[in-house]
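Numbering (my numbering), first residue to last: 752 to 971.
Before any comments, here is the structure.
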């Protein structure tokens, strides 16, 4: 009597993992050549500007280990910053002041900073990858919002690093101007030490009133 062969287990389909660089490659296959990435830094702090950077990289440009700036050490960010500004086809940095943030809110201020950064590019992009879920209303070129884009796109990651390093340099200078409030570790963020200094000594001209009011802190 012949035995029947055992049924084979169905093969598991391998899930395709999107490469961090697939977004740029896919856009180039669609005919886009000058692809900009744009990102901001400084949405959450109690003080200082929100800064945005826009970057256009050469095709095939890669920096091993480049990713979301918040996941890099300060030393690595500085290294990548130098490489990006030296080797990019174009880059631009813009900021929105605390006064403007208070006037229009942080969401609109972030979009405004990114719009200004894109406007400042020496090379006009024909496609823009935006970190986050929102498009920038004032930009007429094709836009591709990407949630978590600084971990999915090399170009957005580059913009993230440029914006972060530039903003950190601003906050480092502010720490010399007002060392009590802007000690290097927190760079304007709402740490317990920062809140305590505000309670003891008040605020500076670069604090965001709209943020402080959320914590019921005096702004006069």
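Glycine is no exception: its CB is placed at the ideal position from the N, C-alpha and C atoms.
As the structure is a computational prediction, the values presented were derived from the model and not from experiment.
Of the other Cβ atoms in all chains shown, 16 or more fall within 10 Å of the Cβ of residue 882; this residue is therefore buried. The straight-line gap separating the alpha-carbon atoms of residue 822 and residue 865 is approximately 21 Å. Boundaries of the alpha helix (DSSP H) around residue 943: 943 to 952. Per the C-alpha coordinates, the member of 836, 791, 798, 880 positioned closest to residue 845 is 791.
DSSP, reduced to helix, strand and coil, places residue 776 within a helical segment of the structure shown. In the displayed model, residue 916 falls within a helix according to three-state DSSP.
In this structure the stretch 782 to 798 lies against the stretch 891 to 910, because at least three pairs of beta carbons, one per stretch, are closer than 8 Å. Note on residue 838: under 16 other CB atoms within 10 angstroms of its CB, so exposed under the neighbour-count rule. Here residue 889 carries a coil assignment [DSSP, helix/strand/coil].
Between the stretch 870 to 877 and the stretch 803 to 821 there are three or more C-beta pairs closer than 8 Å, enough to call the two in contact.
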